[in-house]
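Asker: In my numbering, the protein residues as written are 1 to 215.
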Amino acid sequence: MKYPEKLLEKVRQRSQGMQLEGINEGAGPVNPVLMLVGEAPGRNEIKTNIPFNGNSGKELMKSLALLKLKREDVYITSVVRSRPYSKKKVFDKKLNTKIVKYPNRKPTKKEILAHAPLFDYEVEQVKPKIIVAMGSTAVERLLGSEYKISTDHGKVLENQAILQLNQKEDGYEWSKDKYTIFLEYHPAAVLYRRKLQETIEQDWLKIGHYLKDSK
Ligand code: URA
């Protein structure tokens, strides 16, 4: 999705001084069968401008395939649209010298708030009925701190308000619009904990059953 230049400028202003790189646009149809929400893009996503285009994207596509869905069927975005990076001095053995690296990292609460106008804009434009919050960052941005992915993964919340930027634009308030929200592990979780694979599959299959039953 192309974001209006005014909105991008606003987010640039709100993000001044933060270690954030580029913009990766969310992608997919409006009124999608599902809107998938992750954390923040990484290096691959910024380079290609395709959300979830790296290793976690491969895992996500496997989950979608369980539901016979493809990338094009769903809207994919994350709560932050720039790449959060840190600056690390490391010793490079080949070059035999210290070099600076800029690895991906989790976005901070301040960065998520800085990007809130972009995320709210996407929800408003895309008009999803069902949102899949993938991982703790997305869950917290949408629902606050009541839910924990470790215990609440696989749950569905119906007729649920979500958090959006408040009038003063310095915090969140509950939306008037209501959504169905699924709480899922972030697709990258299985890359760190292989044991989660079956649980993640079962959780995605619950979405599939829900979609079938609501047809
Ligand atoms: N992880 C996310 O949360 N979002 C992306 O777009 C890529 C990886």
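Ideal Cβ positions, reconstructed from N, Cα and C, are used throughout, including at glycine.
Treat the numbers as computed from the prediction; the structure is a model and nothing was measured.
1) Leaving out five residues before and five after Gln19 in sequence, what residues of the same chain have Cβ atoms less than 6 Å from its Cβ?
2) Short of 7 Å in beta carbon distance, which residues of its chain neighbour Ser63, apart from the five on each side in sequence? Order them along the chain.
3) Below 7 Å CB to CB, which residues in the same chain sit around Lys68 once its five sequence neighbours on both sides are set aside?
4) Using a Cβ cut-off of 9 Å (strictly closer), state whether Val132 contacts chain B.
5) Indicate, with yes or no, if the ligand URA has a heavy atom lying under 8 Å from the CB of Pro29.
6) Measure the alpha-carbon distance for Arg81 versus Arg43 and round it to whole angstroms.
7) What is the DSSP secondary structure of Arg105, reduced to helix, strand or coil?
8) Under the assumption that Val74 contacts Gly28 (Cβ atoms under 8 Å), give the Cβ distance between them as a whole number of angstroms.
9) Less than 6 Å between C-beta atoms, sequence neighbours within five positions excluded: which residues of the same chain meet that for Glu296?
10) For Leu41 and Gly208, I'd like the C-alpha separation in whole angstroms.
11) Report the start-end ranges of each beta strand (DSSP E) in the segment 81-166 that is 3 residues or longer and not cut off at the edges.
12) Using alpha carbons as the reference points, say which of Asp152, Gln202, Lys215 and Ser214 lies closest to Leu66.
13) Considering just the uninterrupted stretch of the alpha helix (DSSP H) at Asp170, what are its terminal residues?
Answerer: Taking the definition as stated:
1) Translated into the one-based positions of the sequence shown, residue 19 becomes position 19. Tyr85.
2) In the sequence shown, residue 63 corresponds to position 63, counting from 1. Hits under 7 Å: Pro187, Ile200 and Trp204.
3) Your numbering for residue 68 matches position 68 in the sequence shown. Residues of the same chain with their beta carbon placed closer than 7 Å to that of Lys68 are lacking, with the five preceding and five following residues left out of the count.
4) No chain B appears in the structure shown, which is made up of a single protein chain.
5) As a working mapping, residue 29 is identified with position 29 in the sequence shown. Every heavy atom of the ligand URA is 8 Å or more from the Cβ of Pro29, so no.
6) Along the sequence shown, one-based indexing puts residue 81 at 81. Along the sequence shown, one-based indexing puts residue 43 at 43. Looking at the two C-alpha atoms, the distance is approximately 12 Å.
7) In the sequence shown, the residue the question calls residue 105 occupies position 105. Assignment of Arg105 by DSSP, reduced to helix, strand and coil, places it in the coil class.
8) Position 74 of the sequence shown, counting from 1, holds the residue named residue 74. Position 28 of the sequence shown, counting from 1, holds the residue named residue 28. Confirmed, Cβ separation roughly 5 Å.
9) Outside the shown range of the chain (1 to 215) lies residue 296, about which nothing can therefore be said.
10) Here the question's residue 41 lines up with position 41 in the sequence shown. Here the question's residue 208 lines up with position 208 in the sequence shown. Reading off the sequence shown, one finds Pro at residue 41, where the question assumed Leu. Distance between the alpha carbons of Pro41 and Gly208: 26 Å.
11) List check, beta strand (DSSP E) in window: 88-92, 97-101, 130-134 and 156-165.
12) One-based indexing of the sequence shown puts residue 66 at position 66. In terms of Cα proximity to Leu66, the closest of Asp152, Gln202, Lys215 and Ser214 is Gln202.
13) The sequence position of residue 170 within the sequence shown is 170, counting from 1. Counting along the chain, Asp170 falls outside any alpha helix (DSSP H), and DSSP gives it neither H nor E.
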